[in-house]
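Just so it is clear: in the sequence shown, position 777 is 777 by the UniProt record's numbering, and no numbers are missing.
To keep things clear, I will list the structure first and then write my remarks on it.
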Amino acid sequence: MTTVVKIGTEFQVNSQTAGSQWYPSITGLTNGGFVVTWQDGLAGSTSGSSTLGDASGSAVHAQLYAADGSKVGGEFLVNTQTNGSQASPVVTGLSNGGFVVSWQDQNSTSGDIKAQIYGANGAPVGGEFLINSVTANNQNTPAITGLPNGGFVVAWINQGSVAPDIKAQVYDANGAKVGSEFLVNSTSANFDQERASIATLSNGDFVVTWNDFRTGNWEVRGQVFHPGASGATKVGSEFTVDTAYYNSRMVAGVTGLANGNFVISFEDTSGEIRAQVFTAGGSKVGSEFQVNTQTGGNQGFSSITALTGGGFVVTWSDEGTADGSGSGIKAQVYDTAGNKIGGEYIVNSQTNSYQYYPTVSALANGGFVISWQDFSQTLGDNSSYGITAQVFNLSNAPTAPTIVSVTDDVSPNSGALANGASTNDTNLTVRIATGSNFAGDVVQLFDGQTAIGSAVTLSLADIARGYVDIQTGVLGNAAHAITAKVTDTTGAVSDAASAINVTVDTVAPAVGVTGVTLDTANLPTFTVSGTTEAGLLVSVYDGATLVGTTTAGANGSWSLAGLTLVEGANNLTAKTIDAAGNAGTSTVFAAPTLVSTGAVSVTGASTTSQGYVVLGDGTLDVVTGGNVSGQITIGNGGVVDVLNGATTEHTDIRSGGVQYDYGTANDTIVHAGGQQHVYFGGSANGSTVEAGGYQDVYSNSTVTNVSLSGNQQVLAGGTAIDTTVYSGGYQYVGDGGTSAGTLVKTGGFQYIDAGGSASDTVIDGGFQYVDGTATGGSVGGGNSLGGGVATGVTVKNGGAQHVYHGGSATGTIVAAGGFQDVYHATVSGTNLSGNQQVLDGGIAANTVIENGGNSYIGAGGSVTATTVNGGGLLYVDAGGSAASTTINGGVGFVIGTASNTTLNSGELDVAGTADNTHLAGGVEHVFAGGVQNGVDFAGSAATLTLENASGLTGTVSNFELGDTIDLLNTSVSSFTFDGTTLTLATNSGSHTYQFAGVQSGTELNVTDDGHGGSAISLSLLVQQSASIVPDAGESSLVPSDTTQQQPTLASHG
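This is the structure in structure tokens:
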């Protein structure tokens, strides 16, 4: 690919820096060098350097350069005549290697066009000479081009008497005029013709362009000429260049192309640079085209030159944002076919302030050089404008190099790296193929866009070998895109090689063992787990022995199963190597020590943090003062002895494993088939006995906080505290055993055998059977059964206490929804808000029936001293008996027998037999078939109702005012009462009742009860009413009119 390459840096042309330097012109020479000329100072002023012998107005200076860009001699004065101002210089190279400079000489009377020829060595050939033959009026602004025969042509503006014209003069190789000066433009009357430009064509002809005002608008016109022995003749007619744009005032540039055509560049009215290609005869080739790509601001002062190898380059001044400060110089290169090579680019490197008036010329080596007027004041000319130049080369850039390999020279991953690989080598070796390169080419490595390592100049040996190895230099821990570029001897730079992406990583990967999980079904097999970087291969060692490998997952976790513990200590280490070759090693992780043969003793604090696995014929003895903080796993056949004064913290007893605990065992799990024996002063705290597991406690030993789903036996001298019995769990408290605070959940069972004791047991849906002694506790949602002794038990909603077969319960609280039954056993002091059943052989004493409580006394059951409070119910069924019951607002219902009942308030219903009832208040109802034998009315007003007149026997004692005997369904026709015996004549026959202690001062009355029956009551005698004081509660019965006696059903007999 053809590229435009700057050769070196831009440089200041003028050495004399005083004043201003203006309007450069440049030409390449046949020896590969070039020459620059310029105007020193402003015409008509003394603003120049006033050096080199010309101190009057402006002058023409020049500087010659060799092919390598170095100056040949110093800056020199071109004009010999120094009077007045010399301005607007132009220069062209000659075929003999020399050059000629032409300029505008402004003397005191008029302006002339002068010239000076120089040899190839830069020395003047002859003196300066006058170009124009007609000297009247002013002649100015020359243009010049060399001819193939060694001659040259100069064109200029002739300020005629009517309007300016364009004139020209041909010279031969000796500097002699060929023919006379001639008029270039065909039409001149009254129209301005200005700003000529001239170029030689490949066929030896030349073309002149100028600005023409004949239409009232400025346009660019041109004319091709053929030089001959007598001057020049026109080839074809004058032609117009810019057919679509007008007011083109800037100088048009023109150059001949290698294919015989020529191209003209110009500025249009919108401030853009445009160009048009023509044939050698002056006919347009295609359409005109815009040169500049960036259109912001004004583009002007274009200059154009054909290149030695074909194509052409246009340069111009960009007043937009070309270089970020003032105006800048841009250029665009075209190939022979007129296609752009790359894009437009900024020529000037020094961007401060303004850069104007570029001029360009081809060089013999195919490159070109551009010079311009520079106000940056950064290259040494700090007074005002200076002249700056930059050499360029058109080069087919070297082919992008090929990276053969990038090599890691550090073990363990030494060798060529794949694209995208990681490495722990910070100074990589890069091998570059040299097959398409030449000796002297320079290879530079890059990391992305940053140069790395040292540039290497290729030798003939490198070319012959076909490759060169280059070190990257030290690379940091990061991702790197390794590439390379080649710079050839012309300065052309290749594209970058295809990158090899590598990541430098010198950090060892973290790797760790996080845990060991035993395969308890296949002891001593285990799984080890850990973490590292994702995807790494992990090797696990037991000591120095490799036991297995595995690969970490996407999250970095890894595990290795199926490993087997070896006898004794098992110290695990994990190792890994990352993709970069960095090795990581974990700290040592202590796996369980295996004891499968013989006996191992632990005498002090165990240093094995992961504990022990004991199985087979192995025995672990934790002796006095020993402490194992890690987990002990006891497998089939394994035995662990925890001796007095020793401690274990975590034991896992599997099927066939046994632990004997004479010391302290904490947090033991007893699985199905496992056994834990806590003996002779031993203690176990926080054990979990799973279904099928077994624990026993014996002889001054204690277990606490046991979770029991298996079997626990608390034997003589054993104590179990705060055991929780779950579904399927069984706690047996034998003779001499003690349990406290046991919680029995649904499906759990506690058995207190004879001689055993349990305190504060909570039955929560489970079952308790007491043949021994149970004290305190509660029953909620479960059952308590037994023939033992229970004291202070609370039976909650859904719970049940069964006291059977000689058992006893004292101080039981039966809450609402709770249940207590007594069968061939005894309870006392029960506080009842739930239900109680006293069945055959059952005895309940001192029961208090609260609101909502219900006590049922069945056949063969008996209760004594029961208190029935408001809302309570005592139900004595047939065959049951109740003695000394007190009813305080509750209800007693007797189908069986009741004796010595006291009714203070509430209700007593008798369908059986009641003896010696004390009615101190409330109502007693004797149903048909029921018998009340003896009743005492002492106390508050009370009522006895009899459904059958024969339902009352015995003596009625202490009948007082306010008391009533209501004979339901009985009609009395007459009665007699002698103070002790009441005889009634009724519809059911004669009935006699015995009274004792009838209140004095009263008389007995038998009246209609208003319900078809008869009521027996007392009333005061009239003559004594004022002096008799009624019993408490009877004052309301005193008649308000003491003169009236109560009506009677019949008269006294």
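Note that the Cβ used here is the ideal one computed from N, Cα and C, for glycine as well.
Being a predicted model, the structure only gives us computed values, none of them experimental.
Is it buried or exposed for residue i, if we count other Cβ within 10 angstroms and need 16 for buried?
| i | result |
| --- | --- |
| residue 771 | buried |
| residue 449 | exposed |
| residue 931 | buried |
| residue 918 | buried |
| residue 438 | exposed |
| residue 980 | exposed |
| residue 455 | exposed |
| residue 840 | exposed |
| residue 682 | buried |
| residue 148 | exposed |
Quick check: is the beta carbon of residue i nearer than 8 Å to any beta carbon in chain D?
| i | result |
| --- | --- |
| residue 489 | Note that chain D does not occur in the displayed structure, where there is just one protein chain. |
Using the C-alpha atoms, what's the distance from residue j back to residue i?
| i | j | result |
| --- | --- | --- |
| residue 346 | residue 297 | 15 Å |
| residue 114 | residue 125 | 14 Å |
| residue 565 | residue 760 | 47 Å |
| residue 457 | residue 259 | 39 Å |
| residue 1054 | residue 168 | This structure cannot speak to residue 1054, because the chain is shown only from 1 to 1053. |
| residue 687 | residue 533 | 40 Å |
| residue 162 | residue 329 | 38 Å |
| residue 132 | residue 306 | 28 Å |
| residue 95 | residue 205 | 15 Å |
| residue 326 | residue 356 | 10 Å |
| residue 234 | residue 19 | 43 Å |
| residue 913 | residue 927 | 10 Å |
| residue 269 | residue 159 | 25 Å |
| residue 78 | residue 459 | 46 Å |
| residue 80 | residue 116 | 9 Å |
| residue 58 | residue 311 | 36 Å |
| residue 344 | residue 469 | 37 Å |
Is the separation between the beta-carbon of residue i and that of residue j shorter than 8 Å?
| i | j | result |
| --- | --- | --- |
| residue 599 | residue 621 | yes |
| residue 664 | residue 520 | no |
| residue 368 | residue 354 | no |
| residue 61 | residue 107 | no |
| residue 835 | residue 865 | no |
| residue 291 | residue 264 | no |
| residue 858 | residue 879 | yes |
| residue 808 | residue 826 | yes |
| residue 795 | residue 773 | no |
| residue 653 | residue 675 | yes |
| residue 617 | residue 637 | yes |
| residue 775 | residue 798 | no |
Give me the residue from the options with the minimum Cα distance to residue i.
| i | options | result |
| --- | --- | --- |
| residue 121 | 93, 131, 427 | 93 |
| residue 685 | 673, 158, 708, 699 | 708 |
| residue 547 | 533, 527, 398, 200 | 527 |
| residue 508 | 412, 987, 983, 905 | 412 |
| residue 800 | 788, 813, 7, 826 | 813 |
| residue 152 | 105, 111, 200 | 200 |
| residue 492 | 41, 540, 576, 399 | 399 |
| residue 362 | 32, 396, 569 | 32 |
| residue 89 | 729, 338, 154, 483 | 154 |
| residue 729 | 765, 700, 718 | 765 |
Looking at the ligand FAD, does it come within less than 7 Å of residue i, judged from the CB to the closest heavy atom?
| i | result |
| --- | --- |
| residue 932 | Ligands in the displayed structure: none, and consequently the ligand FAD is not present. |
Taking DSSP as the reference, what is the three-state secondary structure of residue i?
| i | result |
| --- | --- |
| residue 419 | coil |
| residue 654 | coil |
| residue 950 | helix |
| residue 565 | coil |
| residue 722 | coil |
| residue 457 | strand |
| residue 462 | helix |
| residue 522 | helix |
| residue 52 | coil |
| residue 927 | coil |
| residue 214 | coil |
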